[in-house]
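Chemist:
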Amino acid sequence: MTKTARLSLCSLLLLASLARASAPPHVTKTLANGLQIIVVENHAQPLATVEIAVRTGSMAEPPEYNGLSHLYEHMFFKGNQAMPDQSQWLSRARSLGALWNGTTNTELVNYYFTTTTDHFAGVMEFMRDAIVSPKFDPMELEKERVVVTGEMDRAESNPFYFLNHETQKRLFYKYPSRKDALGDRQTVLKTTVEQLKTIQERYFIPNNSVLLVTGDVKADEVFKMSESLYASWKRGEEPYVKYPLVQHPPLASSSVVLVQQPVQTVSGSFSWHGPSVKGAEIPSTYAADLFSYTQGEPSSKMQQALVDSGACVSVGLSWFTQANVGPISLAFEAAPGKVDRCVLAIMAELPKFKETNYVSDAELANAAFRAEVDTMLAREKPSELTHSIAFWWSTAGLDYYLSYVDNLKKVTRPQIASYFDTYVLGKPFVFSVMLSPNLAKSGLNQAHFEKLVGAKPWLAAGSAR
Amino acid sequence: MRSVKSFSAFAALSLFVITGCSPAAKTEGDITEAKIAGMKVIVKQVPTAELATARLLLRGGSRNWTKADAGIEQLALNVAAGGGTESLDKVAFGRKLASLGGALHSETGEDWSVLQVKGPGRAYDDLFGLLVDVLLHPALPASEIEVAREQQIAQIRHDDEDPDGRLNLLVNQQLWKGHPYENVPQGTLEVVQKLRRDQLVAHMAKLRETSRLVLIVVGNVDPAKVIDDAKKALANVPEGSYIQKELPKPTFANATLFTEQRKLPTNYIQGMFVGAPIGTEEFAASVVLTTMLGERLFEEVRTKRSLSYATNTGCDESQTATMCGIYVSAVDPNKTLPVMFDELKKAQSTLLSDDDLAAAKAKTRTEMLMNTETTDGQAGALGRAFMLTGDWRYRNKLLDQIANVKAADLQEYAKKHFGKLQMILLGDPKQLNEKLATSF
Numbered sequence: 002m003t004k005t006a007r008l009s010l011c012s013l014l015l016l017a018s019l020a021r022a023s024a025p026p027h028v029t030k031t032l033a034n035g036l037q038i039i040v041v042e043n044h045a046q047p048l049a050t051v052e053i054a055v056r057t058g059s060m061a062e063p064p065e066y067n068g069l070s071h072l073y074e075h076m077f078f079k080g081n082q083a084m085p086d087q088s089q090w091l092s093r094a095r096s097l098g099a100l101w102n103g104t105t106n107t108e109l110v111n112y113y114f115t116t117t118t119d120h121f122a123g124v125m126e127f128m129r130d131a132i133v134s135p136k137f138d139p140m141e142l143e144k145e146r147v148v149v150t151g152e153m154d155r156a157e158s159n160p161f162y163f164l165n166h167e168t169q170k171r172l173f174y175k176y177p178s179r180k181d182a183l184g185d186r187q188t189v190l191k192t193t194v195e196q197l198k199t200i201q202e203r204y205f206i207p208n209n210s211v212l213l214v215t216g217d218v219k220a221d222e223v224f225k226m227s228e229s230l231y232a233s234w235k236r237g238e239e240p241y242v243k244y245p246l247v248q249h250p251p252l253a254s255s256s257v258v259l260v261q262q263p264v265q266t267v268s269g270s271f272s273w274h275g276p277s278v279k280g281a282e283i284p285s286t287y288a289a290d291l292f293s294y295t296q297g298e299p300s301s302k303m304q305q306a307l308v309d310s311g312a313c314v315s316v317g318l319s320w321f322t323q324a325n326v327g328p329i330s331l332a333f334e335a336a337p338g339k340v341d342r343c344v345l346a347i348m349a350e351l352p353k354f355k356e357t358n359y360v361s362d363a364e365l366a367n368a369a370f371r372a373e374v375d376t377m378l379a380r381e382k383p384s385e386l387t388h389s390i391a392f393w394w395s396t397a398g399l400d401y402y403l404s405y406v407d408n409l410k411k412v413t414r415p416q417i418a419s420y421f422d423t424y425v426l427g428k429p430f431v432f433s434v435m436l437s438p439n440l441a442k443s444g445l446n447q448a449h450f451e452k453l454v455g456a457k458p459w460l461a462a463g464s465a466r
Numbered sequence: 509m510r511s512v513k514s515f516s517a518f519a520a521l522s523l524f525v526i527t528g529c530s531p532a533a534k535t536e537g538d539i540t541e542a543k544i545a546g547m548k549v550i551v552k553q554v555p556t557a558e559l560a561t562a563r564l565l566l567r568g569g570s571r572n573w574t575k576a577d578a579g580i581e582q583l584a585l586n587v588a589a590g591g592g593t594e595s596l597d598k599v600a601f602g603r604k605l606a607s608l609g610g611a612l613h614s615e616t617g618e619d620w621s622v623l624q625v626k627g628p629g630r631a632y633d634d635l636f637g638l639l640v641d642v643l644l645h646p647a648l649p650a651s652e653i654e655v656a657r658e659q660q661i662a663q664i665r666h667d668d669e670d671p672d673g674r675l676n677l678l679v680n681q682q683l684w685k686g687h688p689y690e691n692v693p694q695g696t697l698e699v700v701q702k703l704r705r706d707q708l709v710a711h712m713a714k715l716r717e718t719s720r721l722v723l724i725v726v727g728n729v730d731p732a733k734v735i736d737d738a739k740k741a742l743a744n745v746p747e748g749s750y751i752q753k754e755l756p757k758p759t760f761a762n763a764t765l766f767t768e769q770r771k772l773p774t775n776y777i778q779g780m781f782v783g784a785p786i787g788t789e790e791f792a793a794s795v796v797l798t799t800m801l802g803e804r805l806f807e808e809v810r811t812k813r814s815l816s817y818a819t820n821t822g823c824d825e826s827q828t829a830t831m832c833g834i835y836v837s838a839v840d841p842n843k844t845l846p847v848m849f850d851e852l853k854k855a856q857s858t859l860l861s862d863d864d865l866a867a868a869k870a871k872t873r874t875e876m877l878m879n880t881e882t883t884d885g886q887a888g889a890l891g892r893a894f895m896l897t898g899d900w901r902y903r904n905k906l907l908d909q910i911a912n913v914k915a916a917d918l919q920e921y922a923k924k925h926f927g928k929l930q931m932i933l934l935g936d937p938k939q940l941n942e943k944l945a946t947s948f
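Chains A and B, in that order, are what the protein sequence lines are. Count along the first sequence from 1, add 1, and you get the number used in my numbering. Count along the second sequence from 1, add 508, and you get the number used in my numbering.
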């Protein structure tokens, strides 16, 4: 699963790729309480997927709430007013023949059930009870906190967790909690029922949520059922009017994050503050994605210059679709003996990205076509299509999603050049690198990399809410 | 969220009706099959599919390499798939593939390897042409060998760094000691570093026999044309006389524990046993019980006792045996394992209630259907069924068998197969009592 609270660098790249899916035939409806409903019919298999997505996540978390969207996600699958007993709840989930899960991200929390069509009505009701009337049983909360720390233990067992975590902390230095979906262990262990209720009241409201249904269903029937099931779910105050998102301040200077872990390879990235999906920045988001598509091809100039040349083992360029500052990342992996060569090759290649002849017309056309094929791939698997639409809905909005491929096709070279001028070239960056302690001792240390990439020692700045 | 550790699973299709088509090909419902000079071709026509998949299976897998050259097939196929062909260099090949919206990749496994292309159905003919070109005329340029070699080495290192990757390797080593399956497809650092181009060229040549090949195509395609095109494209490939050899089956005399020390925030533990052979009636019971057991472990270990975030059950089927297991990551194995063992014992001593049996069957069915939503999912499932049982129809038979499984069948399976657990721990061995670990 890509959209998890355990966002490694790799999973961020996967998410960026997942986010490139686009519009299948669908119908929408908005209920009086503001709950949006999106239905995509696909009758190839007798399956139905029901998903609720909520526009929240770590973006809504000051430090004292960091990790609570994730904990809330776990508590969703606990008892509720309709089915208070946990064993009963699990037994009912089993009887529905459903595969279920949930994920917490920076700008999205979602829950989903997939089952055969004969259990569809039961799952719709089951979902309603879980989202509208969670019980937050203190005993269950006590137990689930420990489970969440078990999830943290697993994340911290993988070296890439630290690379990604430290990169995000530096990149979003003033408000790191707002980009940390897994959250803080101590905060999770101290969570109170009152805090969960606060989250519920602020964000888990119909006018901040979408109900997605895909598969072997009929849209009219879904709408009818939803009107009946969700009529009593009360609208709340617009959360981001009352509690506006923080403004992540730009990086003042470039810096190096050195992560030492027991690894045998060298991995890292150059990261910048990229565009947000809002206002005047939107054209840059299309330029970012189209260009990333072109350079994802093994035949691209970037791959030829950096990988085929033998400088790096692998490289990947991405921009992560986000409403509130999506990071741009050029991730790399290098053989231990070729780290400097790889990093220098990347730095030499970066300025070329904005050159007119860096990508051909055919490559741009192929990239837009890739995006179109991605829409087919997304449509092909209805049980995952809900996650993809949920991600788009939450971060960029449905209109952006619906016109995405058409807008990619309209991207011009000047827009690509402008994207790099605005966000990358000559702009402060975070250079992150993860290697073994032995390699660091051999000279690949902080000072070495600061000199190599032209960065300054980082002056610690206090984080804020 | 729930943790997901994947074990393979079979998926379902609708029922077919035998209709017949032509002397060369036989059609049952939406599936047409043919044999071309030793190569089995299976075509599933899906009129509503926008995408099409051509999946070419290459028999052999671990039989095709030894400890001395393990990793060779993965490297050869990766270079073939990514390094261009004799008529299209890497860049030209990549651009053509991109212009068609296609993706071509290779996989390597215990019993067979795969070259697969997937893309828009309207481009199927050209995409299949590229797939054939990769098989018959790969350029295998030295530069691409070095790129792919570095990436394979990185993969081997990452598998070692990641706890689940390392645990999988340890499990494989313990279960298949001295067996061809012990030589994993990615190979070892020592071997992969030394593989030469002439070895890769010879290895690819070895695979080019129709008696080794199985082609599965799923999409909105014309089966007769697919079969005809395959016949023409592979006309010059020798049939050969490849026969997949049967490999020794694993047996375990006692429960054992193998540990590897690693400083981790939690312990990664897997316990394995020999499950029911695929194709047998008790296999259906094992699929249902594995699902049920997974639910029970989730409830007893995670929900009730907070002993773990991640518990799981599953089976991996091969031509040699079905290996099943229980999995957990836990900071306190001595508290966690008894709970897991109790659930295994309950499965042996207690008949599942009608409700629980119905629930387990329903979830199993959902999962099987989810695995065949896509054209590549369907091609993969048809291929697995054919390779593991000799009959692609087995996927449907399994669904029928599952529907008819009784609680007593599950209990019988548990009694017969649960036990002599081969336990593997990655983490802190001091945290697990060996006597306890080997008590089931």
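Every residue gets a Cβ at the ideal spot worked out from N, C-alpha and C, and that includes glycine.
Below 8 Å between beta carbons: does that hold for B/T774 and A/D400?
Modeler: Not closer than 8 Å, so no.
Chemist: Note down, in chain order, every chain B residue with its Cβ under 9 Å from the Cβ of A/T117.
Modeler: What A/T117 touches in chain B: A870, R873, T874, L877.
Chemist: Does B/D670 come out as helix, strand or coil in the three-state DSSP assignment?
Modeler: If DSSP states are grouped into helix, strand and coil, B/D670 belongs with coil.
Chemist: Could you check how far apart the C-beta atoms of B/T593 and B/A647 are, in whole angstroms? I think they sit under 8 Å.
Modeler: Confirmed, Cβ separation roughly 5 Å.
Chemist: With a threshold of 8 Å between beta-carbons, can A/E152 be considered close to chain B, or not?
Modeler: So, interface residue.
Chemist: Quick check on DSSP: helix, strand or coil for A/Q447?
Modeler: Here A/Q447 sits in helix by DSSP.
Chemist: Any Cβ of chain B within less than 8 Å of the Cβ of A/L331?
Modeler: No, no contact with chain B.
Chemist: Could you list which residues in chain B have their beta carbon closer than 7 Å to that of A/M377, in chain order?
Modeler: Residues of chain B passing the Cβ test: E558, L559, P628.
Chemist: Does A/H71 pass the burial test, meaning 16 or more other C-beta atoms within 10 Å, or should it be called exposed?
Modeler: Its Cβ being crowded by 16 or more others within 10 Å, A/H71 is buried.
Chemist: So which residues of chain B does A/T266 contact, with C-beta pairs closer than 9 Å?
Modeler: Chain B residues near A/T266: I661, A662, R665, H666, E669.
Chemist: In terms of residues, what are the limits of the alpha helix (DSSP H) holding A/S59?
Modeler: Careful: A/S59 lies outside any alpha helix (DSSP H) and carries neither H nor E.
Chemist: How about A/M76 and A/P135: do their beta carbons lie closer than 8 Å?
Modeler: In this structure, A/P135 lies closer than 8 Å to A/M76 by Cβ.
Chemist: Would you call the CB atoms of A/V148 and A/V189 closer than 8 Å?
Modeler: Cβ atoms of A/V148 and A/V189: not closer than 8 Å.
Chemist: Nearest CA to the CA of A/S220: which residue from A/N43, A/T423, A/K452, A/Y405?
Modeler: For the record, residue 220 of chain A in the displayed sequence is Ala; it is not Ser. Comparing Cα-Cα distances from A/A220 to each of A/N43, A/T423, A/K452, A/Y405, the minimum goes to A/N43.
Chemist: Just checking my contact of B/I724 with B/I550 at CB under 8 Å: how many whole Å lie between their CB atoms?
Modeler: Confirmed, about 5 Å.
Chemist: Quick check: what's the CA-CA separation for B/R603 versus A/Q304?
Modeler: So the two alpha carbons sit approximately 13 Å from each other.
Chemist: What distance in whole Å lies between the Cβ atoms of B/D577 and B/V692, which are believed to be in contact at a cut-off of 8 Å?
Modeler: About 13 Å separates the two Cβ atoms, so there is no contact after all.
Chemist: Could you give the first and the last residue of the continuous beta strand (DSSP E) run that contains B/C823?
Modeler: Its beta strand (DSSP E) spans residues 818-825.
Chemist: In angstroms with no decimal places, state the Cα-to-Cα distance between A/M60 and A/T107.
Modeler: Going by the C-alpha atoms only, they are around 5 Å apart.
Chemist: For B/V726 and chain A, any beta-carbon pair shorter than 8 Å?
Modeler: By this cut-off, B/V726 is not an interface position.
Chemist: Can you pull the chain A residues whose beta carbon is under 8 Å from the beta carbon of B/R603, in chain order?
Modeler: What B/R603 touches in chain A: E298, S300, A363, E364, N367.
Chemist: Could you tell me the boundaries of the alpha helix (DSSP H) in which A/E431 lies?
Modeler: In the sequence on display, residue 431 of chain A carries Val and not Glu. Counting along the chain, A/V431 falls outside any alpha helix (DSSP H), though it belongs to the beta strand (DSSP E) covering 431-436.
Chemist: Between which two residues does the beta strand (DSSP E) harbouring B/R804 extend?
Modeler: No beta strand (DSSP E) contains B/R804, which is instead part of the alpha helix (DSSP H) from 789-805.
Chemist: Taking the DSSP output, what are the residues bridged to A/E267?
Modeler: Residue 267 of chain A is actually Val in this sequence, not Glu. Answer is A/A335, bridged to A/V267.
Chemist: Short check: CB of A/S227 to CB of A/M435, under 8 Å?
Modeler: No; because the gap between Cβ atoms is not below 8 Å, this pair is not in contact.
Chemist: Using a Cβ cut-off of 9 Å, pull out every chain B residue sitting near A/A336, in sequence order please.
Modeler: Under the 9 Å cutoff, chain B gives E658, I661, A662.
Chemist: In chain B, which residues lie less than 7 Å from A/V308 when you measure between Cβ atoms?
Modeler: By Cβ distance, chain B contributes V655.
Chemist: Which same chain residues, not among the five before or five after B/A738, have their C-beta less than 7 Å away from its C-beta?
Modeler: Correct list, in chain order: I544, V549, L723.
Chemist: Start and end of the beta strand (DSSP E) containing A/G317?
Modeler: That run of the beta strand (DSSP E) goes 315-320.
Chemist: Check whether the Cβ atoms of B/F926 and B/L852 sit closer than 8 Å, and answer yes or no.
Modeler: Their beta carbons are under 8 Å apart, which means B/F926 touches B/L852 by this criterion.
Chemist: DSSP three-state call for A/N81: helix, strand or coil?
Modeler: Strand at A/N81.
Chemist: Taking Cβ-Cβ distances shorter than 8 Å, what residues in chain A pair up with B/T593?
Modeler: Per Cβ cutoff of 8 Å: no residues; B/T593 is ~13 Å from chain A at best.
Chemist: Could you run through the segment 381-394 of chain A and flag, in chain order, every residue whose CB is less than 9 Å away from some CB of chain B?
Modeler: Listed by position along the chain: E381, K382, P383, S384, E385.
Chemist: So the candidates are B/W900, B/S719, B/S857; which of them puts its Cα closest to the Cα of B/G568?
Modeler: Comparing Cα-Cα distances from B/G568 to each of B/W900, B/S719, B/S857, the minimum goes to B/S719.
Chemist: Do you know offhand how far A/K191's Cα is from A/D185's?
Modeler: Rounded to whole angstroms, A/K191 to A/D185 spans 10 Å at the Cα level.
Chemist: Residues of chain A with CB closer than 7 Å to the CB of B/S814, please, in chain order.
Modeler: K144, V147, V148, listed in chain order.
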